[in-house]
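Protein chains in written order, with this note's numbering: chain B, 182 to 679; chain X, 182 to 679; chain Y, 182 to 679; chain L, 182 to 679. Glycine is no exception: its CB is placed at the ideal position from the N, C-alpha and C atoms. Owing to the predicted nature of the structure, the values given are computational and were not obtained by experimental measurement. The structure appears below as structure tokens.
4 protein chains.
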Amino acid sequence: MKPITLQELAQHGPTAPKKWTAINGIVYDLTSFQHPGGDSLIARIMGKNGSLDYNKAHQKQLVHEVLGNKIVGSLEASLTTPEAVDDEQTTLLTSEKPNISTMINTFDFEAIAKVLLAPEAWAYYSSGADDEVCLRENRLVFARLRLVPRVMINVSVINMQTTMLGCASSIPLYLSATALGRLAHEDGELAITKAGFNSQVLYMLPTLSSYSLDEMLRSRHPTQQVFSQLYVNADRQRTKEYCEALAKAGNVKALFVTVDAPQLGRREKDMRMKFGIKADVQQEDNNVPKDEGVTRSISSFIDPNLNWDDLPWLKSLGLPIVLKGIQCKEDALLAFEHGLAGIVLSNHGGRQIDGARSGLEVLGEVMPMLRLMKGYNKDKFQVFVDGGIRRGADIFKALALGARAVGIGRPVLYALASYGQPGVEKMLSIFKSELEMTMRLMGTRSIQDILQSHVIATQLTSGNGGSLKDYMLDSLYEPLQTQAQRVGFGATKPTSKM
Amino acid sequence: MKPITLQELAQHGPTAPKKWTAINGIVYDLTSFQHPGGDSLIARIMGKNGSLDYNKAHQKQLVHEVLGNKIVGSLEASLTTPEAVDDEQTTLLTSEKPNISTMINTFDFEAIAKVLLAPEAWAYYSSGADDEVCLRENRLVFARLRLVPRVMINVSVINMQTTMLGCASSIPLYLSATALGRLAHEDGELAITKAGFNSQVLYMLPTLSSYSLDEMLRSRHPTQQVFSQLYVNADRQRTKEYCEALAKAGNVKALFVTVDAPQLGRREKDMRMKFGIKADVQQEDNNVPKDEGVTRSISSFIDPNLNWDDLPWLKSLGLPIVLKGIQCKEDALLAFEHGLAGIVLSNHGGRQIDGARSGLEVLGEVMPMLRLMKGYNKDKFQVFVDGGIRRGADIFKALALGARAVGIGRPVLYALASYGQPGVEKMLSIFKSELEMTMRLMGTRSIQDILQSHVIATQLTSGNGGSLKDYMLDSLYEPLQTQAQRVGFGATKPTSKM
Amino acid sequence: MKPITLQELAQHGPTAPKKWTAINGIVYDLTSFQHPGGDSLIARIMGKNGSLDYNKAHQKQLVHEVLGNKIVGSLEASLTTPEAVDDEQTTLLTSEKPNISTMINTFDFEAIAKVLLAPEAWAYYSSGADDEVCLRENRLVFARLRLVPRVMINVSVINMQTTMLGCASSIPLYLSATALGRLAHEDGELAITKAGFNSQVLYMLPTLSSYSLDEMLRSRHPTQQVFSQLYVNADRQRTKEYCEALAKAGNVKALFVTVDAPQLGRREKDMRMKFGIKADVQQEDNNVPKDEGVTRSISSFIDPNLNWDDLPWLKSLGLPIVLKGIQCKEDALLAFEHGLAGIVLSNHGGRQIDGARSGLEVLGEVMPMLRLMKGYNKDKFQVFVDGGIRRGADIFKALALGARAVGIGRPVLYALASYGQPGVEKMLSIFKSELEMTMRLMGTRSIQDILQSHVIATQLTSGNGGSLKDYMLDSLYEPLQTQAQRVGFGATKPTSKM
Amino acid sequence: MKPITLQELAQHGPTAPKKWTAINGIVYDLTSFQHPGGDSLIARIMGKNGSLDYNKAHQKQLVHEVLGNKIVGSLEASLTTPEAVDDEQTTLLTSEKPNISTMINTFDFEAIAKVLLAPEAWAYYSSGADDEVCLRENRLVFARLRLVPRVMINVSVINMQTTMLGCASSIPLYLSATALGRLAHEDGELAITKAGFNSQVLYMLPTLSSYSLDEMLRSRHPTQQVFSQLYVNADRQRTKEYCEALAKAGNVKALFVTVDAPQLGRREKDMRMKFGIKADVQQEDNNVPKDEGVTRSISSFIDPNLNWDDLPWLKSLGLPIVLKGIQCKEDALLAFEHGLAGIVLSNHGGRQIDGARSGLEVLGEVMPMLRLMKGYNKDKFQVFVDGGIRRGADIFKALALGARAVGIGRPVLYALASYGQPGVEKMLSIFKSELEMTMRLMGTRSIQDILQSHVIATQLTSGNGGSLKDYMLDSLYEPLQTQAQRVGFGATKPTSKM
């Protein structure tokens with residue numbers, strides 16, 4: 182929807198040829214609209230935010246029915262009057278988008294994005310594989326770790342800085358590759374790139390981007406270092422050219438090769454949607470069927486033949502190689518033995534195979550094994566983890582279990598969808614604020630102070646899968662009833678007040 | 182409420198001096214009632230069941246408001262016309278009490294009783310101690326035992342007969358003592374006594390009965406054997422006289438001394454009610470304060486001094502002694518060592534101390550210990566269990582763990598409240614039907630075929646307490662919200678159809 | 182309900198002698214109907230789908246009340262106009278049955294069947310024993326197994342083919358015997374037979390079929406192999422004749438003898454229904470009481486005397502014998518020692534004895550024991566499992582634990598009820614698509630690649646029973662309240678926005 | 182709100198210059214109010230409780246809108262007419278605050294406080310850190326301990342008296358320091374001080390009090406002993422002066438130094454509120470930003486440098502030192518080795534770091550270790566615990582695990598908010614009544630009778646965190662739907678009555 186500023190709106194007052202008003206964030210053209218109660222009733226809101234007047238008189242949904250075909254655009258959020266934001270009652274009545282300053286955790290952005298995103302985009306971003314057990318487990322696993330705070334430690338200064346793959350970062354977190362950023366916001370990957378630089382956080386450029394690789398690389402600050410994701414193309418020459426472009430641009434410090442997606446997963450919410458969005462996918466392939474949701478439309482080029490024998494070729498592409506999507510200690514060991522730069526323990530955000538373990542749970546299995554390996558050096562073989570990171574305390578938990586850093590995916594898209602580049606920066610500042618507090622309350626002054634002993638991980642592998650709500654079963658199952666309930670006997674008796 | 186037959190009702194037709202009608206099971210006197218729409222509208226339902234006519238025209242609750250002061254009684258359930266029962270649609274409309282033949286499990290009676298009982302009676306019967314965790318756990322523990330059915334066994338004939346304390350029983354189940362039976366039904370303990378005889382099931386006469394001990398004893402069939410519960414009175418002479426009366430009456434085969442109630446528990450639902458019911462309590466004590474619910478009103482005579490040193494005196498009362506309310510292996514052992522006839526593992530229906538274990542869980546601890554005891558003989562020291570028995574399979578599980586038989590309490594009261602004596606008999610026939618099927622499907626032809634190997638009890642002590650819903654916490658806790666939810670942003674957006 | 186095509190409907194336009202319209206999928210005869218607003222209002226929808234017009238003006242339920250006695254049939258789903266299917270808004274308004282092409286998982290069929298089936302049929306198919314803990318556990322157990330995907334394996338080609346009992350199958354899955362197929366669809370077992378052939382999947386012909394054995398056998402493709410279920414009849418001669426008919430027809434490759442049902446279980450939802458359906462049951466027995474639901478009506482012929490001594494006789498019937506309904510390792514061992522062809526680990530879809538373990542859980546106990554047995558050969562003694570299979574990943578999990586193949590029951594009936602034979606075929610194609618993806622993402626190219634190490638089964642026996650919702654308890658239990666809640670203090674205070 | 186007695190109200194009848202009425206507990210000035218229906222309609226309620234009349238005619242919320250600016254005060258609860266209290270129906274209609282005599286557990290006060298408190302105060306008191314898992318876990322952990330009652334013990338007399346840090350107490354419980362008592366009630370800490378004396382319970386004076394230290398100390402009974410909490414100030418001189426004032430006042434018996442709050446936690450409910458309350462905070466600091474909720478406004482003075490090297494200085498302040506906020510056995514050991522008087526195992530009411538363990542869980546880890554320590558003496562190094570104590574049985578459980586006594590925080594504030602000083606006293610009498618009953622039913626006559634063997638603690642560390650509801654996830658997650666549900670197919674079909 183076209184964003185409209187208050188200034189533009191003001192040019193469409195009661196005497197202008199085109200008369201507009203804004204109601205609950207949407208701008209309508211009332212030029213030809215006749216109010217049943219007379220024109221004078223609406224003249225006063227022409228060229229202004231008419232939400233308060235409207236809401237006093239009408240149900241909110243009425244405007245959609247009556248003026249649904251007269252929408253001009255949406256009132257630009259950053260221009261909503263500050264007074265309106267401060268006055269909570271007004272905010273409530275007009276249902277304008279909350280001011281970015283009221284965002285206090287990462288979930289706040291998700292809730293905004295859920296409202297603003299097109300249904301297809303929301304379905305594509307938020308969906309997971311099959312019954313989405315894995316998707317939810319990714320989040321819930323963090324609550325199974327208990328924290329053990331230490332007290333009486335001087336924590337006046339907290340230092341969260343670290344390095345990953347030789348690059349400095351203000352916090353042990355990177356922005357993971359996510360496909361189709363323009364489904365979230367017009368500025369897509371370019372906004373993420375800039376927010377990463379401003380926040381001193383590394384970004385892993387996606388293969389399935391909305392902007393071209395060249396556009397992403399050029400949008401960087403001249404000194405900005407980035408990583409690059411790689412889906413290996415069935416046409417290996419294409420992949421080779423892709424990596425040459427990376428090398429030519431410079432300051433691309435590692436290649437994260439996605440290995441958990443020889444075929445992109447069944448994401449049913451996405452499948453139920455039609456592919457009807459104009460975002461450009463940079464990996465063009467015209468043979469993709471158009472009726473299986475976003476996921477199926479974009480994945481056909483991925484090479485299912487990729488295997489360990491391809492590693493020499495991958496290494497020959499000239500960048501440090503990190504395998505993204507390792508899910509057990511056996512494969513972690515293979516990656517280590519092949520002399521790679523690192524791995525990402527990940528189940529692809531719960532989007533590939535339902536029932537897989539969360540990256541965090543696999544981390545608890547991988548690190549003890551790695552530490553026993555001859556030649557293992559945590560700086561030379563770095564272990565990352567992603568999936569479900571939503572709190573600063575989650576980063577702390579992952580580091581306590583041995584991760585070098587964590588990747589975040591959906592939170593970036595949700596912040597981007599909510600407020601563009603400033604949203605991503607705000608979201609990152611919240612992570613920093615939360616991690617700083619966690620480190621202070623845990624009695625850890627720097628990243629290297631964070632130890633396994635700061636967490637109790639005995640429940641890590643206890644398996645939440647079995648107790649997670651099964652929505653399909655629940656929605657189809659009809660509860661047993663007693664005969665009295667079945668025939669309604671006593672249904673009119675007031676509940677006794679015990 | 183006074184039960185009124187259809188015959189009686191018919192004598193109050195449109196030409197009788199007193200004009201009655203029945204609406205949804207309640208009989209009203211309409212003699213002086215003027216219908217706003219004219220008398221002719223109601224003349225046709227005088228002397229008849231007017232439910233259908235009424236329900237077509239009015240909301241069900243209206244009649245309570247308009248005619249609440251003209252109630253004559255309730256239409257007797259056993260006389261509702263058979264056609265009405267067969268025609269389910271009619272049953273639903275008129276909300277008449279379901280016919281007893283439609284009861285298929287014990288919960289069915291509870292649902293009926295919940296409607297029919299006075300709020301005070303329902304509160305007294307259904308309540309448990311404190312947060313009622315124990316009350317609910319008593320039921321849920323049975324689901325933690327898994328059954329191991331054996332197949333390819335000739336199960337054409339199933340024999341459920343057993344003996345307890347030397348008395349024959351058609352099923353390994355007895356009717357436990359419950360206080361104040363007349364809160365459930367006018368016939369109170371007398372109906373239970375008779376139902377017990379008809380069903381060949383033993384009844385444990387309660388101390389806190391609605392009818393006098395003498396009335397209960399006299400209501401027995403001449404050959405009927407019973408047990409007797411005993412709350413030891415602070416005035417020991419009173420207890421002595423009580424037992425002498427039992428001995429004199431004859432055929433009282435054991436004394437079940439309640440040992441878990443030196444003070445009756447805090448049952449909050451009951452406490453919130455006022456004691457306002459006319460049922461006579463046979464243990465009269467005029468010093469009881471009248472404002473703390475039924476429980477507090479009836480318990481002050483119980484002797485908190487009772488202890489193991491009293492056993493010689495208890496034995497001297499002349500009857501086999503069973504201690505009711507044992508809750509750990511240490512006390513079970515003491516009872517065994519004191520040469521008693523048996524014990525009941527019980528937490529008093531979850532009514533005494535919240536957080537106690539269920540009788541079934543304690544059974545799993547007690548039996549392995551007892552079997553190691555020198556001189557232990559399962560016929561000479563019998564172990565009973567009560568609490569939460571609602572299915573035939575529950576009886577099977579208790580027997581597999583080593584119980585001689587199970588006691589049931591609330592189901593008796595609920596069946597009694599629903600349909601009087603026939604209700605108790607029907608409820609017992611359901612237990613028999615369910616146990617027979619369970620035994621057949623488990624491949625066990627008789628009680629002695631039921632073995633520990635028929636159940637998997639590894640989850641028995643896994644502690645449901647910690648995962649049971651905490652109603653107090655839940656009702657007071659306010660969920661966290663995101664900012665968007667808090668200010669209602671997007672609240673009018675239709676849910677996306679994913 | 183009679184299916185009516187759009188062509189037929191069109192022949193009943195405003196000038197035809199019989200005037201029809203279709204409203205929300207149901208065809209009504211409006212010939213003699215007088216619309217309160219005048220005939221012209223309905224003339225325009227005669228001979229057409231009038232849903233849109235109707236829905237704009239009326240509540241959906243009104244038509245049932247007004248025209249409930251004028252139903253002609255149902256608008257045939259496959260003939261709904263493609264435009265209507267593509268236009269989701271229209272689909273929603275008219276609530277026509279979704280097009281079969283929109284089915285993407287097996288639950289989709291269940292949801293359709295739940296709407297289309299007669300209440301008695303739905304109750305019969307969907308119900309389980311007692312509290313239905315076992316029924317739900319059958320589904321939930323699969324979520325307790327975690328998958329361990331392996332990466333960097335060439336998975337361009339996936340082969341799902343296997344054999345069972347010497348017969349080839351396109352997927353390790355067979356269609357289990359289910360009673361009374363015509364409750365689901367007019368074509369009943371005949372449609373299942375044909376769908377099995379078209380999908381290269383084996384069908385186990387049911388004893389309690391709607392069509393006669395002869396009709397089922399004749400409906401096969403000339404080369405089609407099948408299995409046959411067997412309830413042993415108390416009159417053994419009847420069983421002998423049944424098997425002779427199987428032998429005579431040819432291409433019946435195994436006899437699956439149901440051993441978990443000496444008596445059919447208590448399925449309360451079914452019991453609460455009256456037996457009022459005209460489907461013919463092929464095991465006629467006129468002594469069955471007519472008032473205990475479908476289950477009780479059809480089971481009285483089953484022989485409760487069947488035992489291990491009958492095995493020589495069973496073997497003499499001339500077909501490889503598989504025992505269906507084994508539920509513990511002891512009985513599995515007996516079956517193995519008796520030299521049978523295999524077993525089905527099954528609790529009869531949770532329909533026999535509540536509290537039994539799922540087939541999958543028993544599989545985890547049986548396979549390690551079998552592998553230790555001298556002479557055990559997985560091709561000569563095949564272990565099948567059924568119960569709760571709803572996803573391709575479920576098949577994978579069962580195979581990883583050692584099953585030869587899985588049986589599916591209810592999904593067949595639900596697909597049949599939804600779309601007839603094409604529904605069953607579509608449902609099977611979904612299973613294939615899901616299993617193929619699971620195998621690819623797990624890094625397993627063929628059935629023999631699937632190993633125990635692909636799953637983590639530590640939670641398999643952790644016992645969900647104890648934490649499953651107890652609907653009876655929950656529906657009857659009244660939550661505790663604080664005094665303020667009880668008297669409504671503060672009930673009108675708006676919730677604070679925290 | 183100013184409390185107004187019925188006597189005062191009566192002086193403002195229809196002929197008085199100022200005309201008042203009380204509606205649902207609030208007193209309004211109607212002098213200048215014109216009722217649309219004429220003055221006579223309201224004349225009759227002038228000077229009286231007009232709730233019944235009002236409620237018969239109007240929706241409850243109307244009065245807030247119409248007379249919200251005419252509030253005089255609140256009708257004093259203790260003066261509501263006894264008849265109104267006895268007549269439950271009336272109580273319900275008028276929604277007057279329930280009489281204090283109807284409070285039967287500590288949750289009752291919380292429910293009242295939730296209604297009466299200003300939103301900001303409720304948010305500040307009730308909130309916890311981040312996702313509030315820790316906050317809820319604090320309560321739920323108690324249900325994971327099972328009680329093992331012993332029977333046949335003479336429990337006619339129960340003695341709950343104990344000492345802590347040399348001070349006598351009527352019950353093993355103290356009133357913990359809580360900030361800003363005047364947010365709850367005008368009398369704030371002064372009322373708590375007096376209630377503590379009347380109930381023979383010790384009070385720990387808070388540093389962040391609403392009344393000055395001097396006012397609190399002076400409000401004591403001349404012989405009353407108290408403890409004092411201490412947040413160490415970044416300006417150590419301030420702290421020194423604070424302790425000198427304590428010493429000078431006398432009868433301050435210990436200093437509880439809060440060590441878990443180098444920074445006050447993120448409490449999101451509180452953050453979402455603006456700091457808009459006039460309660461005076463005694464630790465003035467003008468540099469606090471005013472927009473981050475109560476918590477952030479009051480915490481900036483706390484010294485994050487505090488560490489074990491400061492202990493000599495802390496000891497030099499002249500009072501026995503107890504460290505409040507110890508959360509693991511390592512720190513408990515350090516405190517013991519530094520020769521302190523004791524520790525409080527606490528996670529600060531779940532307000533500091535989410536994911537920390539409850540004090541009770543830490544207690545189960547600390548006590549076995551301490552008992553092995555050379556020189557450990559439970560009288561010389563006392564271990565306290567707080568967090569989630571709401572029942573007498575909770576105190577029992579803590580003592581059984583080894584605690585000297587428990588601290589309670591929020592219940593004090595809620596009782597204070599509900600009924601002022603009498604509320605706190607009533608709340609304490611409930612704790613005493615519950616603990617007495619628990620001790621009697623457990624067979625323990627005095628505090629020293631309470632042993633580890635009275636509880637089963639095997640589930641103590643089983644980790645509820647992982648199964649607690651995740652409100653953020655739940656509120657944002659959209660359940661999967663089948664296609665039929667998605668398009669509303671069958672939505673109008675009545676639910677089948679199974």
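Specify the secondary structure class of residue i as computed by DSSP and reduced to three states.
{"i": "residue 441 of chain L", "result": "coil"}
{"i": "residue 323 of chain B", "result": "helix"}
{"i": "residue 580 of chain L", "result": "helix"}
{"i": "residue 670 of chain X", "result": "coil"}
{"i": "residue 377 of chain Y", "result": "helix"}
{"i": "residue 665 of chain B", "result": "helix"}
{"i": "residue 509 of chain L", "result": "coil"}
{"i": "residue 587 of chain B", "result": "strand"}
Measure the beta-carbon distance from residue i to residue j and round it to whole angstroms, keeping in mind my assumption that it falls under 8 Å.
{"i": "residue 285 of chain Y", "j": "residue 449 of chain B", "result": "6 Å"}
{"i": "residue 382 of chain X", "j": "residue 350 of chain X", "result": "6 Å"}
Below 7 Å on C-beta distance, what does residue i contact in chain Y?
{"i": "residue 494 of chain B", "result": "Near residue 494 of chain B there are no residues of chain Y at all, since even the closest Cβ is about 13 Å away, more than 7 Å."}
Discussion item. Please give me, in chain order, every unbroken run of the alpha helix (DSSP H) with length at least 4 that falls completely inside the stretch 280 to 305 of chain X.
Written reply: Entirely contained in the stretch 280 to 305 of chain X, the alpha helix (DSSP H) runs reaching 4 residues are, in chain order, 287 to 297.
Discussion item. Closer than 7 Å between beta carbons: that is the criterion. Which residues of the stretch 512 to 536 of chain X meet it against chain L?
Written reply: For the stretch 512 to 536 of chain X, which is checked against every Cβ of chain L, the residues closer than 7 Å are 512, 533, 534, 535, 536.
Practice prompt. Could you name each continuous alpha helix (DSSP H) segment of 4 residues or more that falls completely within the stretch 399 to 430 of chain B, going from the start of the chain to the end?
Written response: For the stretch 399 to 430 of chain B, the continuous alpha helix (DSSP H) assignments of 4+ residues that do not extend past its boundaries occur at 417 to 430, in sequence order.
Item to complete: Scan the stretch 412 to 425 of chain Y for residues whose Cβ lies nearer than 8 Å to a Cβ of chain X and list them as they occur along the chain.
Response: Within the stretch 412 to 425 of chain Y, no residue has a Cβ that lies closer than 8 Å to any Cβ of chain X.
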